[in-house]
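Chains as they are written, first to last, in our numbering: chain A, 105 to 211; chain B, 7 to 399. Positions of the beta carbon are idealized from the N, C-alpha and C atoms, including for glycine.
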Amino acid sequence: MPHVTYVAADGTRTTLDAAEGASVMETAVRNDVGGIIGECGGAMMCATCHCYVDDAWTARTGPRKDGEMDLLDCAASPVTDASRLSCQIRMTQDLDGLVVHLPEAQV
Amino acid sequence: MTAPLAPIDETITIDQLHLDPYPIYRRLRAEAPVLRVKAVGRTFLTKAADAKYVKDTPALFSSDDPRTPMKPAFQAHTLMRKDGPEHLAERMAMAPALMPKTIETVWAPLYRQFASDYMDRLPTDGIVDLHRDLAGPIAARILAHILGIPEASDEDMQEWSEALIHGAGNFGWRPEPFERSDRANAEMNALLDRAIERVRAEPDASALSVMVNAADPIPLSQIVANIKIAIGGGINEPRDALSTIVYGLLTNPDQLEEVRARGAWGTAFEEGIRWVAPIQASSRRALEDVEIRGCLIPRGDTVMTIQASGNRDEELYEDGETFHVFRPRNNHLSFGSGPHHCAGSHVARRTVGKILLEMLFTRFPAMSLPDPSAVQWRGFGFRGPINLPVRLT
Chain A
105 MPHVTYVAAD GTRTTLDAAE GASVMETAVR NDVGGIIGEC GGAMMCATCH
155 CYVDDAWTAR TGPRKDGEMD LLDCAASPVT DASRLSCQIR MTQDLDGLVV
205 HLPEAQV
Chain B
7 MTAPLAPIDE TITIDQLHLD PYPIYRRLRA EAPVLRVKAV GRTFLTKAAD
57 AKYVKDTPAL FSSDDPRTPM KPAFQAHTLM RKDGPEHLAE RMAMAPALMP
107 KTIETVWAPL YRQFASDYMD RLPTDGIVDL HRDLAGPIAA RILAHILGIP
157 EASDEDMQEW SEALIHGAGN FGWRPEPFER SDRANAEMNA LLDRAIERVR
207 AEPDASALSV MVNAADPIPL SQIVANIKIA IGGGINEPRD ALSTIVYGLL
257 TNPDQLEEVR ARGAWGTAFE EGIRWVAPIQ ASSRRALEDV EIRGCLIPRG
307 DTVMTIQASG NRDEELYEDG ETFHVFRPRN NHLSFGSGPH HCAGSHVARR
357 TVGKILLEML FTRFPAMSLP DPSAVQWRGF GFRGPINLPV RLT
């Protein structure tokens, strides 16, 4: 199973086994990782699963999905080039080792 | 082999649900979490996981209800009862007015001023009904401005909202509620005609202006319907949330002290709306035969996700029946989930959570609730206190 590491705003790192095909948001919510809410369940409606993809991984996570930028505009914390909605990143073997940084606030 | 239909209940009444549904939900979570309730004509889903599953699976559970009394009440088929791209286009048309950035820069300063003005005019001696005299009017004022109809009075906004809600919930199809909503529609239409001209001439950050002045606007009939759905669904929730949280804090002074010390007004907000969700239940129509917990939900059947119950689900919460601000986790379903996740969630969190609560308790540090038993709670679809007799000083 691919691994994903969440780096909280205070620097705390949590590494999890992700089910292949599960989103980075779902993996966090199922395992009670604080800092990601994912309130709308992945429908791209709430902007509470904002994350910053680590520089080393942006090429592999690929471009934002259609409509994702509209919702990132609704994020509570600053949006950068590395900003993604973690519900739109699906874990695959290719992303094994992925590192995402979490914002200060999601709401 | 086909699963059996959910058991049917013929004892639960709408009156019982209206007065206090929580003991019933607690029993249903344990005994019959999927249950056809005859009095309501719907299949109740009282477990959090089932409510979330239904809302997160729009391909199987449609929001579109061809026989909804919402249509005559709103004189339109609104985005609340649409699915897919059609729903998305109408929703996103309004989104810029409701974004955190717009709220912080445009609305929050205005709302701080309104909140301060409305608190100024509360009488400081004797008993004040905070629900009637603050929560309702301030919710109306906030909404009128963000929607782009500041010329509507608090009284008009509250009457229209109630008229729309009563019409939308008129499952008995009696004439009076529709007569009332027709009157409200006539008044709203007249006001919107003028407001649309105004925002065309002087664009601002309001929902009406953003929709009217969009590069590729949605049809005017849908703009009007969107504003109406926001009036129908944007006053009572923040109003009831505010009253519920104030009640929770005043009846738990130790928690209030800790919230004050930590400045944890946002956490108190989340707990209040978990404890008594302003919108308690939602309907979805099954598009195919689906099985939930071994019960067949036949195609065409309407299920009710009871988020009020899911929010107290023993599988997720220890002692979910009580108000406890600093509980370890709180993934409530009060803003829903899936494509219809509440479009006003950012506004609610920022106004009720971050502005109103803190200002109220700072301005009236000695506020008390002399007789908590005098507070009356009502509602099955929407729920909250209907009065909140406090002493401010």
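**Message:** Can you check which of these residues, B:LYS107, B:ASP319, B:CYS348, is closest to ASN336 (chain B) by C-alpha distance?
**Reply:** Closest by alpha carbon: B:ASP319.
**Request:** Please look up how many angstroms separate the CB atoms of ASN242 (chain B) and ILE171 (chain B), rounded, as I've assumed it's under 8 Å.
**Result:** Confirmed, Cβ separation roughly 7 Å.
**Item:** Burial state of LEU25 (chain B), where buried means 16 or more other Cβ atoms lie within 10 Å
**Value:** With fewer than 16 other Cβ atoms inside 10 Å of its own Cβ, LEU25 (chain B) counts as exposed.
**Message:** Our contact map puts TRP281 (chain B) next to LYS360 (chain B) with C-beta atoms below 8 Å; I'd like the distance itself, whole angstroms only.
**Reply:** Not confirmed; about 19 Å, so no contact.
**Request:** Rounded to whole angstroms, what's the CA-CA distance from VAL133 (chain A) to ALA122 (chain A)? Just pull it up for me.
**Result:** Taking the straight line joining both Cα atoms gives about 11 Å.
**Request:** Go ahead and label ILE20 (chain B) buried or exposed: buried means 16 or more other beta carbons lie within 10 angstroms of its beta carbon, across all protein chains shown.
**Result:** Counting of Cβ neighbours within 10 angstroms places ILE20 (chain B) among the exposed residues, the total staying below 16.
**Asked** Closest by CA to PRO244 (chain B), which one among B:GLN119, B:LEU94, B:PRO64, B:CYS348?
**Response** Residue B:CYS348 holds the alpha-carbon nearest to the alpha-carbon of PRO244 (chain B) among B:GLN119, B:LEU94, B:PRO64, B:CYS348.
**Prompt:** Counting only beta-carbon atoms, is ILE141 (chain A) nearer than 9 Å to chain B?
**Reply:** For ILE141 (chain A), the answer is yes, since a Cβ of chain B falls inside 9 Å of its Cβ.
**Item:** With 16 other Cβ atoms within 10 Å as the buried cut-off, status of TRP179 (chain B)
**Value:** Exposed, because fewer than 16 other Cβ atoms sit within 10 Å of the Cβ of TRP179 (chain B).
**Asked** For MET173 (chain A) and chain B, any beta-carbon pair shorter than 9 Å?
**Response** By the rule that beta-carbons nearer than 9 Å mark a contact, MET173 (chain A) does not touch chain B.
**Request:** Spell out a yes or no on whether the region 211-218 of chain B and the region 149-158 of chain B are touching, meaning 3 or more CB-CB pairs, one atom from each, closer than 8 Å.
**Result:** Counting Cβ pairs under 8 Å, three or more are found: they touch.
**Asked** Does the distance from the C-beta atom of LEU198 (chain B) to that of PHE367 (chain B) stay below 9 Å?
**Response** In this structure, PHE367 (chain B) does not lie closer than 9 Å to LEU198 (chain B) by Cβ.
**Request:** List the whole-angstrom C-beta distance separating ARG42 (chain B) from ALA12 (chain B), where the pair is believed to meet the contact cut-off of C-beta under 8 Å.
**Result:** Between ALA12 (chain B) and ARG42 (chain B) the Cβ distance is about 5 Å, and since that is below 8 Å, they are a contact.
**Request:** Taking ALA101 (chain B) as the query, report the chain A residues whose CB atoms sit under 9 Å from its CB, ordered along the chain.
**Result:** Simply ASP174, LEU175, ASP177, CYS178.
**Item:** Whole-number beta carbon distance between ASP62 (chain B) and VAL343 (chain B), since they are thought to touch under 8 Å
**Value:** In the sequence under discussion, the amino acid at residue 343 (chain B) is Ser, which differs from the Val named in the question. Rounded to whole angstroms, the Cβ separation of SER343 (chain B) and ASP62 (chain B) is 5 Å, and the two are in contact under 8 Å.
**Residue-level contact to chain B via CB, CYS150 (chain A), 9 Å cutoff** = Yes - at least one Cβ of chain B is within 9 Å of the one on CYS150 (chain A).
**Among B:PRO39, B:ILE30, B:LYS53, B:VAL353, nearest to GLN313 (chain B) - alpha-carbon criterion** = Comparing Cα positions, the closest option is B:LYS53.
**Message:** With three or more C-beta pairs closer than 8 Å as the rule, is the region 166-174 of chain A touching the region 27-35 of chain B?
**Reply:** Contact annotation: the region 27-35 of chain B does not touch the region 166-174 of chain A, with fewer than three C-beta pairs closer than 8 Å.
**Item:** Alpha-carbon spacing of ARG138 (chain B) relative to MET163 (chain B), whole angstroms
**Value:** Whole-angstrom Cα-Cα distance: 14 Å.
**Request:** Work out the CA separation of LYS88 (chain B) and ASN219 (chain B) for me, nearest whole Å.
**Result:** If I take the Cα positions, the gap works out to 23 Å.
**Item:** chain B within 9 Å of ASP114 (chain A), Cβ atoms only
**Value:** Not closer than 9 Å to any Cβ of chain B, the Cβ of ASP114 (chain A) fails to qualify, so no.
**9 Å Cβ cutoff, MET6 (chain B) in contact with chain A** = With chain B running from 7 to 399 in the structure shown, residue 6 (chain B) is simply not present.
**Asked** Do the region 290-302 of chain B and the region 262-278 of chain B make contact, defined as three or more Cβ pairs closer than 8 Å?
**Response** Cβ pair count under 8 Å is below three, so no.
**Message:** With H, G and I counted as helix, E and B as strand and the rest as coil, what does DSSP make of ALA287 (chain B)?
**Reply:** ALA287 (chain B) sits in a strand when the DSSP states are folded into three classes.
**Message:** Please list, in chain order, the chain A residues whose beta carbon lies closer than 9 Å to that of LYS2 (chain B).
**Reply:** Only positions 7 to 399 of chain B appear in the structure, and residue 2 (chain B) is not among them; the question remains open.
**Asked** Residue range of the beta strand (DSSP E) that PRO395 (chain B) falls in?
**Response** Segment 395-397, the beta strand (DSSP E) holding PRO395 (chain B).
**Item:** 9 Å Cβ cutoff, ASP136 (chain A) in contact with chain B
**Value:** Closer than 9 Å: yes.
**Request:** Quick one: residues in its chain with C-beta nearer than 8 Å to the C-beta of GLU364 (chain B), no 5 flanking neighbours on either side, listed in chain order?
**Result:** Closer than 8 Å at the Cβ level, and outside the excluded window around GLU364 (chain B), lie GLY269, TRP271.
**Message:** Less than 9 Å between the beta carbons of VAL396 (chain B) and LEU375 (chain B), yes or no?
**Reply:** It is a contact, given that the beta carbons lie within the stated cut-off.
**Request:** Note the first and the last residue of the continuous alpha helix (DSSP H) segment covering SER187 (chain A).
**Result:** Counting along the chain, SER187 (chain A) falls outside any alpha helix (DSSP H), though it belongs to the beta strand (DSSP E) covering 187-189.
**Item:** Close-in-space but distant-in-sequence residues of the same chain around ALA207 (chain A) (CB under 6 Å, 5 per side omitted)
**Value:** According to the sequence provided, residue 207 (chain A) is Pro. The question's Ala does not apply to it. So the qualifying residues of the chain are HIS154, SER181.
**Item:** Backbone CA spacing between ILE148 (chain B) and GLY142 (chain B) [nearest angstrom]
**Value:** Going by the C-alpha atoms only, they are around 10 Å apart.
**Request:** Kindly indicate if chain A contains any beta-carbon less than 9 Å away from that of ASN232 (chain B).
**Result:** It does not: the Cβ of ASN232 (chain B) has no partner Cβ on chain A nearer than 9 Å.
**Asked** Which residues in chain A sit within 9 Å of PHE80 (chain B), going by Cβ to Cβ distance?
**Response** Neighbours of PHE80 (chain B) on chain A: none; closest Cβ ~22 Å, over 9 Å.
**Short Cβ contact (9 Å threshold) for LEU85 (chain B) with GLN261 (chain B)** = Remark: C-beta atoms of LEU85 (chain B) and GLN261 (chain B) do not approach each other more closely than 9 Å.
**Message:** DSSP has ALA292 (chain B) in a bridge; who is on the other side?
**Reply:** The partner list for ALA292 (chain B) (beta bridge, DSSP) reads B:PHE67.
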